[in-house]
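Peer 1:
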Amino acid sequence: MDIDALGACLTTPACVVTQTTSGLIVGMLLFLVAAGVTLIFGVLKIVNFAHGTFYMLGGYVAYTALGATDSYALAVLSGALSMALFGVVFERALISRVYGSNVLMQLLVCYAVVLIFDDLVKIVWGPEFHAMGMPPAFQVPPLFIAGGVVPPFYAVLIGIAGLIAIVLGLGLSMTRLGKTVRAAAINPQMVSVLGVNTTLLFAIVFAVGGGLAGLAGALAAPVRSLSPGMGFSVLIESFIVTVIGGMGSITGALVSALLIGLVRGFGTIGFPQFTDGLIYVVMIAILLLRPQGLFGRST
Amino acid sequence: MKVGPALRDVAIAVFALIVVLAIPLLHRSPAFEDFVIRLSAMALFATSLNLLVGNTGMVSFGHGMFYGFGAYAFALMMQMTDVSLPIAAVLAVLITTFAALCVGAICVRLGTDYFAFITLAVQMLFYSIIISWQSLTGGDQGLRGGIPRREIFGFELASQLHLYQFCAVVTVLGLLTLRHISVSPFGQTLRMIRDNEHRASFLGIVLWRARLFAFTVAGAFAGLGGVLAALFVSGAYPELADWPNSGQAIFAVMLGGISSFLGPVLGATILLALNDVVTRFTEYHGLVLGSVILAFALGFRRGVLDFIRLAWPGRLR
Amino acid sequence: MKLEIRNLTKAFGGLRAIDDVSLAFSSGSLSAIIGPNGAGKSTFFNLICGAFPADAGQVLLDDQDIIRLSKTERMRLGIGRAFQVASCFPTMTVAENLMAAVTAHVGQWSSISRRFPPPGIRERAGEVMELVGLTHVANVEAAILSHGDQKLLDIAIALALEPKVLLLDEPTAGMGPEERWRMIERVRALWGQRKLTLVFIEHDMDIVFQVASTIRVLCYGRVLAEGTPDEIRNNRAVIDSYLGTEVHAA
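Protein chains in written order, with the numbering used here: chain C, 6 to 304; chain V, 10 to 326; chain D, 49 to 298.
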């Protein structure tokens, strides 16, 4: 523990800017993954333990696509779209077979998918770490804000994720599909009574969830390394985000993802050995004070 | 001749114990003894998890935390204090029980909807504490240096045969106790909660108290399994408390069958054997294991013993 | 045991599901509650047995106010209930269902010192089974019982707790005409044998008018009328708002 360092950082604008930026990066990526988890849980009442796999595969697909096309934009797009497709296939081929059966079966199916794809990634891309490296377009001098270093890629990344958050929020509140999704989260029976095509709805939800996770993986690839099994820590953190924010709440996911991101950003200064643990402590504290999560409905 | 059901359970346990203890007297096989020792820890771990999953309908994805907790508590006590092995083992289980009580107090009140989430997250907290508290736990290297004073009532557990016998006795006694709990009125209460918690609450059953009690008991026996694991590996490693270990236990439970008491033991046996065989042929053992899990979850939809019970609907439990 | 309700009120959001309801059920009476869907009948039962708290009012059991007590405490004082959708333990046999209920009733649900069932429980469960006529299916799992037997089992579970006041939420729901009569005759027999104060919610007017000694009509959370079957049959307000032409034709 290093409280002095934390205090020193908090009084230095440069350090605050740097740590806030890195916290926002973590938070925004986390939001993209957690948004899918919370959507899927909200509509289907399924805890998708395989969501980290979408994130991992999105990263690897983008890595390969960048090598093939030399265009980072195409790489990101292919990561997101391929995972949207993968989400639908996953839902139709596997998860739809365990609807209504107990949680144990759903858990096992997801667990199996995690194990299988971690090994498939090893077979296709090898067990070693890969670094995508910064795309050429972003290999430019960093911005300086109040003395803090902000690489331009970070700014773009935060911008894209923020844009997605806005689109998702507007989509849920303005469009017909969004309203159906929110209604389903509150009362699943009502939606099927109202004549909504639930098969299509579920597939769309998995496509959106998978696509967002794939996008996050592709966006994260330049700043993090790729390795088999990388999805799991993201999965755990997105669970924490979902639980803190309140199951089924997109706003909650955004707020708590940023909260976790900032705890991480500044935690590395104050508690370098225990940054992971700090997040769990935050989660348990919030759950003790507000068991339904920050934005969850109490039942 | 009519034999009381309690007596029948004891008879089966004694018979099984005699068979297991007799095997090395007839034929020594280090590989087999090694397997049984690992199985004993896993069997306690999986059966205790099934008290939650099968009996109560609480799917915990963080049960490995108590397995790891028992292992670390025991190994640390043996390394850092002078207490004898039986006392350290009992204390380790007691401390684990208390830890399970504390964790359970948070988890069981938080609605069953995302019980799996919460337990997993608490397990990961515990795991990250193990990794980061290097001075105590040795971090990601684990607790090395072995376990000293490996003797109990004159038995030298450093010998594989003695460890085998010790593990067999402890496991059979542990399973018998769990069996007793699962067929007690309390075990029946857990089944009522699984079937229809709403109705159960109208019968005067305090749901959270029953769940917390089940969670604590399950944690205690997972801790006992952890003690055996620590004896086998001569220390404690973070992997014991990591999430794939919880996943393995869930799979063992499901593979053997959740509605039969011995299902998880059978599941653990199959899973360990499968792991041993698969790792001999391929390094991609997750791929094989995952495919087997998918086949079971989507194909059979139930474990082996449950399947047999369905095919021969006698009252086999 | 006498059950008396005074000024009971419960609102969900803006909707007053139960609005200042006062009713008395004398000891050993057999009463029906009728009313259109959404009249608040099930909510009324839920408030009496303490499934959720009331906003205002009193529930008196032999003049003791129990409104602040938990549902478990109310159950111990003698309020039992069965549910509209039969509520039992599907993977257990009929006998196990009842033994488990009796075990819970005698406060041994958390016992681990002996095997299930504890001594004497099997006999008591057997008596209840005999009483409701489920002995022939004692070893059948509840999940595969007929619909009518499941409803009976639900009532039997309530009876295992030795209630003084029994609330039955539509005991004949989902049954054919003949089965309904068999069910209600059985309920009436139970009422006589156990000297219960029995209140039931029912939609079949033929049953209500033949079986109940007093009838209460709930409408939009309020008491529209109460009285003997004859009084209710001829009550202008009840005919207008609920019975309609149905009774005139009968």
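Don't be surprised by glycine CBs; every beta carbon is placed ideally from N, CA and C.
Closest Cβ-Cβ distance between residue 210 of chain V and chain C: below 9 Å?
Peer 2: One-based indexing of the second sequence puts residue 210 of chain V at position 201. Using a Cβ-Cβ cut-off of 9 Å, residue 210 of chain V does not count as an interface residue toward chain C, since no Cβ of chain C sits closer than that to its own.
Peer 1: Please give me, in chain order, every unbroken run of the beta strand (DSSP E) with length at least 3 that falls completely inside the stretch 175-221 of chain D.
Peer 2: 213-217
Peer 1: Looking only at DSSP bridge pairs, what is residue 275 of chain D linked to?
Peer 2: Translated into the one-based positions of the third sequence, residue 275 of chain D becomes position 227. DSSP, once it has assigned bridges, lists D:263 as partnering residue 275 of chain D.
Peer 1: Counting only Cβ pairs nearer than 9 Å, list the residues of chain V close to residue 241 of chain C.
Peer 2: Residue mapping note: residue 241 of chain C aligns to position 236 of the first sequence, counting from 1. Going along chain V in sequence order, the residues near residue 241 of chain C (Cβ under 9 Å) are 129, 130, 133 and 252.
Peer 1: To test your reading of the DSSP string, which unbroken beta strand (DSSP E) runs of 3 or more residues are found completely within the stretch 116-170 of chain C?
Peer 2: 148-150 and 153-155
Peer 1: Alpha carbon to alpha carbon, how far is residue 258 of chain C from residue 250 of chain C?
Peer 2: Taking the first residue of the first sequence as 1, we reach residue 258 of chain C at position 253. Taking the first residue of the first sequence as 1, we reach residue 250 of chain C at position 245. Going by the C-alpha atoms only, they are around 5 Å apart.
Peer 1: Count the other CB atoms, across all protein chains shown, that sit within 10 Å of the CB of residue 64 of chain C; report buried if there are 16 or more and exposed otherwise.
Peer 2: Position 59 of the first sequence, counted from the first residue, corresponds to residue 64 of chain C. Taking every protein chain shown into account, the CB of residue 64 of chain C has 16 or more other CB atoms within 10 angstroms, so this residue is buried.
Peer 1: Interface residues of chain V around residue 123 of chain C at Cβ under 9 Å?
Peer 2: By 1-based counting over the first sequence, the position of residue 123 of chain C is 118. In chain order: 295, 296 and 299.
Peer 1: Give me the residue from V:81, V:47, V:44 and V:93 with the minimum Cα distance to residue 158 of chain V.
Peer 2: Within the second sequence, residue 158 of chain V is the residue found at index 149, counting from 1. For the residues V:81, V:47, V:44 and V:93, the minimum Cα distance to residue 158 of chain V belongs to V:93.
Peer 1: Quick one: any contact between the stretch 36-56 of chain C and the stretch 76-83 of chain C, if contact means 3 or more CB pairs under 8 Å?
Peer 2: no
Peer 1: DSSP beta-bridge partners for residue 245 of chain V?
Peer 2: On the second sequence, position 236 is the one that residue 245 of chain V refers to. For residue 245 of chain V, which the question treats as bridged, DSSP gives the partners V:152.
Peer 1: Got a sec, what are the start and stop residues for the beta strand (DSSP E) residue 285 of chain V sits in?
Peer 2: Position 276 of the second sequence holds residue 285 of chain V. Where residue 285 of chain V is concerned, there is no enclosing beta strand (DSSP E), although the alpha helix (DSSP H) it sits in stretches over 272-290.
Peer 1: Just to confirm the assignment, what range does the alpha helix (DSSP H) spanning residue 52 of chain D have?
Peer 2: In the third sequence, counting from the first residue as 1, residue 52 of chain D sits at position 4. Taken as a continuous stretch (DSSP letters only), residue 52 of chain D belongs to no alpha helix (DSSP H), being part of the beta strand (DSSP E) at 51-60.
Peer 1: When the distance is taken between beta carbons, is residue 246 of chain C closer than 9 Å to residue 221 of chain C?
Peer 2: On the first sequence, residue 221 of chain C is found 216 positions in, with the first residue counted as 1. On the first sequence, residue 246 of chain C is found 241 positions in, with the first residue counted as 1. Cβ atoms of residue 221 of chain C and residue 246 of chain C: not closer than 9 Å.
Peer 1: Quick one: Cα of residue 226 of chain D to Cα of residue 194 of chain D, how far?
Peer 2: Here residue 226 of chain D refers to the residue found at position 178 when the third sequence is read from its first residue. Here residue 194 of chain D refers to the residue found at position 146 when the third sequence is read from its first residue. Using only the alpha carbons, I get a separation of about 15 Å.
Peer 1: Could you give the residue range of the alpha helix (DSSP H) that holds residue 203 of chain C?
Peer 2: For the purposes of this step, residue 203 of chain C is identified with residue 198 of the first sequence, where counting begins at 1. First-last of the alpha helix (DSSP H) with residue 203 of chain C: 203-225.
Peer 1: Could you please give the first and the last residue of the uninterrupted beta strand (DSSP E) stretch that includes residue 245 of chain D?
Peer 2: Taking the first residue of the third sequence as 1, we reach residue 245 of chain D at position 197. That run of the beta strand (DSSP E) goes 245-249.
Peer 1: Anything in the stretch 207-221 of chain D with a Cβ closer than 8 Å to a Cβ of chain V? List those residues in chain order, please.
Peer 2: Answer in chain order: 209.
Peer 1: Counting Cβ pairs closer than 8 Å, one from the stretch 46-53 of chain V and one from the stretch 170-182 of chain V, do we hit at least three?
Peer 2: yes
Peer 1: Comparing the C-beta of residue 8 of chain V with each C-beta of chain D, is any distance below 9 Å?
Peer 2: Residue 8 of chain V is absent from the model: chain V starts at 10 and stops at 326.
Peer 1: Quick one, which residues of the stretch 40-70 of chain C are near chain V if we go by CB-CB under 7 Å, in chain order?
Peer 2: 52
Peer 1: Cβ atoms of residue 57 of chain C and residue 211 of chain C: under 9 Å apart, would you say?
Peer 2: Within the first sequence, residue 211 of chain C is the residue found at index 206, counting from 1. Within the first sequence, residue 57 of chain C is the residue found at index 52, counting from 1. Contact: no.
Peer 1: Determine the direct distance from the alpha carbon of residue 121 of chain C to that of residue 295 of chain V, and round the result to whole angstroms.
Peer 2: Taking the first residue of the second sequence as position 1, residue 295 of chain V is located at position 286. Taking the first residue of the first sequence as position 1, residue 121 of chain C is located at position 116. In a straight line, the C-alpha of residue 295 of chain V is about 6 Å away from that of residue 121 of chain C.
Peer 1: Ends of the beta strand (DSSP E) at residue 73 of chain D?
Peer 2: Indexing the third sequence from 1 puts residue 73 of chain D at position 25. 63-73 is the extent of the beta strand (DSSP E) around residue 73 of chain D.
Peer 1: State the Cα-Cα distance for the pair residue 197 of chain D and residue 64 of chain V, rounded to the nearest angstrom.
Peer 2: Sequence index remark: in the third sequence, residue 197 of chain D carries index 149 (1-based). Sequence index remark: in the second sequence, residue 64 of chain V carries index 55 (1-based). Each residue's alpha carbon lies about 25 Å from the other.
Peer 1: Is the beta carbon of residue 72 of chain D sitting closer than 9 Å to the one on residue 53 of chain D?
Peer 2: Residue 72 of chain D sits at position 24 when you count from the first residue of the third sequence. Residue 53 of chain D sits at position 5 when you count from the first residue of the third sequence. It is a contact, given that the beta carbons lie within the stated cut-off.
Peer 1: Give a yes or no on whether 9 Å exceeds the smallest Cβ distance from residue 268 of chain V to chain C.
Peer 2: For the purposes of this step, residue 268 of chain V is taken as the residue at position 259 of the second sequence. With its beta carbon at least 9 Å from every one in chain C, residue 268 of chain V lies outside the interface.
Peer 1: Which residues in chain V sit within 7 Å of residue 236 of chain C, going by Cβ to Cβ distance?
Peer 2: By one-based count along the first sequence, residue 236 of chain C stands at place 231. Near residue 236 of chain C there are no residues of chain V at all, since even the closest Cβ is about 12 Å away, more than 7 Å.
Peer 1: State yes or no: is the beta carbon of residue 247 of chain V nearer than 9 Å to at least one beta carbon in chain D?
Peer 2: As a first step, residue 247 of chain V is located in the second sequence; it is residue number 238 there, counting from the start. No, no contact with chain D.
Peer 1: Say whether chain C places a C-beta atom closer than 9 Å to the C-beta of residue 68 of chain V.
Peer 2: Mapped onto the second sequence, residue 68 of chain V falls at position 59. Judged by the 9 Å Cβ criterion, residue 68 of chain V is in contact with chain C.
Peer 1: State buried or exposed for residue 203 of chain V, treating a residue as buried only when at least 16 other CB atoms are found within 10 Å of its CB.
Peer 2: Position 194 of the second sequence, counted from the first residue, corresponds to residue 203 of chain V. Classification of residue 203 of chain V: buried, given that the 10 Å Cβ count is 16 or more.
Peer 1: Which first and last residues belong to the alpha helix (DSSP H) in which residue 250 of chain C is found?
Peer 2: Translated into positions along the first sequence, residue 250 of chain C becomes position 245. Unbroken alpha helix (DSSP H) run through residue 250 of chain C: 235-250.
Peer 1: Would you kindly report the start and end of the unbroken beta strand (DSSP E) that includes residue 82 of chain D?
Peer 2: For the purposes of this step, residue 82 of chain D is taken as the residue at position 34 of the third sequence. Unbroken beta strand (DSSP E) run through residue 82 of chain D: 78-82.
Peer 1: Can you give me, in chain order, the residues of the stretch 100-123 of chain C that have a beta carbon less than 9 Å from any beta carbon in chain V?
Peer 2: Across the stretch 100-123 of chain C, CB contacts with chain V closer than 9 Å involve 102, 103, 106, 107, 108, 109, 110, 111, 112, 113, 114, 116, 117, 118, 119, 120, 121, 122 and 123, in sequence order along the chain.
Peer 1: So what does DSSP say about residue 87 of chain D, is it helix, strand or coil?
Peer 2: Taking the third sequence and counting its residues from 1, one reaches residue 87 of chain D at position 39. Reduced to three states, the DSSP call for residue 87 of chain D is coil.
Peer 1: Would you mind sorting residue 279 of chain D into buried or exposed? The rule is 16 or more other CB atoms within 10 Å of its CB.
Peer 2: For this step, residue 279 of chain D is matched to residue 231 along the third sequence. Exposed, since its Cβ has fewer than 16 Cβ neighbours within 10 Å.
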